[in-house]
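Residue numbers (this note's numbering): 197 to 959.
Backbone N, C-alpha and C fix where the C-beta goes; we use that ideal spot for every residue, glycine too.
Small disclaimer: the values here were computed from a predicted structure and weren't measured.
Input: a single structure, listed below in structure tokens.
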Ligand code: ADP
Ligand code: ZN
Ligand code: ZN
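Structure, rendered in structure tokens:
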């Protein structure tokens, strides 16, 4: 009798599987696909996943090595998940071992058992609530005169319902002793029942503001009916259509302006799915996972909601993954990588803000979580909802071709009126530090009415260029083709691409002149200018610099919700998912940035960003106003967007893509290479191009090599080769054979190279 050959995905950057024999002849029970095994690999060993069991091998069976150990007694990955992973590896041209093992939670990669770690949570007791209420100013007074940390921990429990140890640890580094004291005094207690979600809690300000707006209950444990608004007619139609499709594969594009009640629709359909004993997977953008969103899900759904994102500890990730896999979780809310979590009973897939760039991984395994979710829904026979206020051109095109069903929520829910968009012509207008007179007046009015404003500028730091006015010298990064950005807070010049930094000199290094000028403006400069222009204005900054510290983002959000801030100046962080009911003015300081981008998607992205930012205005009972500062008020794209709306804009943009033969009317792949020597990238890509031309494919052409838009980055030269195919199928037929040839090229060993299928950024 011959032994079974185990085909194993091993964590290695090699585009193939490796064959092994079971640990011993006659091994029982049989090894099945989806089980982890430890195998000898090179001179060490590795933990891989069995992806197939065969009778023979392409290698002489007598020469196969034996696995060292079978780790699982049951398959860790079910056939559906294995199938998805294999598909993803093939479609995105990424090594199977890296795909299968790289998408597992770290503890599973290390061989741990798939088990849910119990995480202890704490709640305030009735006595704790009284003691807290009697404490004026909350911190360091009354009963907590000498125990301010205890007061803070207790406040956190009262704001968030039950609170995980991780959240307590995030609140204060020395949390264990004050917590023990609270428990000893009977003011707080551990709770046994399972958490509604792991990892994040609503903070004081955020939860309080939502409760006022009637969105969530104040603690995470209110019953399912808390704050459940009556659906309007559009929402009802949408919910009906989605409910009717449960149990079959159907892709939907849910196009609803910001605030139109999409999340409400998701919640209603999820309720139904869970009532039928099925699970829902909800994918959200990287930055959109706000405490508010989670609190809302937890408060509204009386079922078990788990979250999966990069901010969790290894144990928390493993728990959430395990609960999804064994079915104890009813709803899994997660960022990109959650698309790979196995589901015991999948019934519904949702991708919220489907146009968002963060669904595409931009390095390593370059997959699109949105597109994989569609594949998954098809395999599972379940509906999928791609929701957005600004659907991607791909989604719109699928609707136009009749492949996806279109659901529309044209109006804001709860009667809020859409914001008015005013294009401000900057030409020959007073303009200082990024702010024109119209904008300053508008901010003053907002302040006078005790409302709030969001100012959006897609650049952090103080000034993006430091220039010598005498000789024209500009401070550049020595390692990248980029200018250094001046940061005022610490007085440093910083490269936003490689992280290099230095202290600027008072004199020009070229000519010695002291006439150094700061050109352009970033968030820091705008915030400072506002503070000095408007007396008593309270300005907060929201960008990567201001929110780097753990908890800092929540702190800013809390201050905005509490009304302690008049104006927030921020980067695209502002555009995502935050609910600010008191905001009535939104300004886009530099609308021109996206009009002249080099990437063919630049205009699409800019339109989406404009509308997403604009969608932050006037969500409450007051109407909002949007100011767009531009030097090109007659730009056709801007005019279409402002006068005719997003739909017309998309139609024009799609027509242009068709004319210029760009996606979604063609299919692209990008091979990127980088090396310390420019010649190395050139010779590899030239060889790659030659391979492609030697295997001519009628519907595929290869363009390049060309230098990348930023040719030098972090000291390396970068170049790329573009594969342009008439269709997905043509591209998918062409790539595997060609990539295999590239792997074998001698010149490939002198560069770092990668393949990006359906690239979202051409840089
Ligand atoms: P979106 O996800 O499209 O931005 P949301 O679902 O968050 O929209 O709804 C926006 C606001 O309107 C929320 O405060 C929500 O509670 C409220 N809302 C949603 N649907 C209704 C409704 N039918 N009636 C009243 N308020 C609603
Ligand atoms: Zn100079
Ligand atoms: Zn640099």
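Return yes when the C-beta of residue i is under 6 Å from any heavy atom of ligand 1, and no when it is not.
| i | result |
| --- | --- |
| residue 820 | no |
| residue 428 | yes |
| residue 458 | yes |
| residue 748 | no |
| residue 254 | no |
| residue 609 | yes |
Quick check on residue i: buried or exposed, where buried means 16 or more other Cβ atoms within 10 Å of its Cβ?
| i | result |
| --- | --- |
| residue 316 | exposed |
| residue 203 | buried |
| residue 761 | buried |
| residue 592 | buried |
| residue 844 | exposed |
| residue 590 | buried |
| residue 637 | exposed |
| residue 794 | exposed |
| residue 685 | exposed |
| residue 707 | exposed |
| residue 654 | buried |
| residue 830 | exposed |
| residue 436 | exposed |
| residue 477 | buried |
| residue 443 | exposed |
| residue 695 | exposed |
| residue 429 | exposed |
Any idea which residues DSSP pairs residue i with across the strands?
| i | result |
| --- | --- |
| residue 682 | 659 and 689 |
| residue 561 | According to DSSP, which records beta bridges pairwise, residue 561 is partnered with nothing at all. |
| residue 664 | 712 |
| residue 823 | 618 and 783 |
| residue 502 | 528 |
| residue 542 | 475 |
| residue 738 | 766 |
| residue 628 | 631 |
With a CB to CB cut of under 7 Å and the five nearest residues on each side skipped, what residues in its chain are close to residue i?
| i | result |
| --- | --- |
| residue 441 | 579 |
| residue 661 | 670, 679, 715 and 716 |
| residue 736 | 752, 755, 756, 761 and 764 |
Does any heavy atom of ligand 2 sit closer than 6 Å to the C-beta of residue i?
| i | result |
| --- | --- |
| residue 703 | no |
| residue 706 | yes |
| residue 671 | no |
How many Å lie between residue i and residue j at the Cα?
| i | j | result |
| --- | --- | --- |
| residue 856 | residue 850 | 10 Å |
| residue 765 | residue 552 | 21 Å |
| residue 791 | residue 460 | 34 Å |
| residue 818 | residue 824 | 20 Å |
| residue 327 | residue 344 | 13 Å |
| residue 797 | residue 858 | 10 Å |
| residue 625 | residue 631 | 10 Å |
| residue 383 | residue 290 | 53 Å |
| residue 904 | residue 216 | 42 Å |
| residue 245 | residue 222 | 20 Å |
| residue 455 | residue 507 | 27 Å |
| residue 463 | residue 584 | 15 Å |
| residue 257 | residue 218 | 12 Å |
| residue 534 | residue 504 | 6 Å |
| residue 562 | residue 954 | 9 Å |
| residue 730 | residue 690 | 29 Å |
Under 6 Å: does the beta carbon of residue i sit that close to some heavy atom of ligand 3?
| i | result |
| --- | --- |
| residue 521 | no |
| residue 945 | no |
| residue 696 | yes |
| residue 914 | no |
| residue 714 | no |
| residue 675 | yes |
| residue 693 | yes |
Which residues in the same chain as residue i place their Cβ atom closer than 6 Å to its Cβ, once the five residues preceding and following it in sequence are excluded?
| i | result |
| --- | --- |
| residue 874 | 913 |
| residue 541 | 474, 475 and 523 |
| residue 833 | 799 |
| residue 860 | 590 and 593 |
| residue 665 | 711 and 713 |
| residue 734 | 761 and 762 |
Beta-carbon within less than 8 Å of residue i's beta-carbon, same chain only, minus the 5 sequence neighbours each way: which residues are those?
| i | result |
| --- | --- |
| residue 249 | 200, 201, 202, 203, 226, 227, 228 and 229 |
| residue 446 | 579, 580 and 601 |
| residue 622 | 632, 825, 826 and 827 |
So, does the CB of residue i fall closer than 7 Å to a CB anywhere in chain E?
| i | result |
| --- | --- |
| residue 603 | The question asks about chain E, but that chain is absent: this structure has only one protein chain. |
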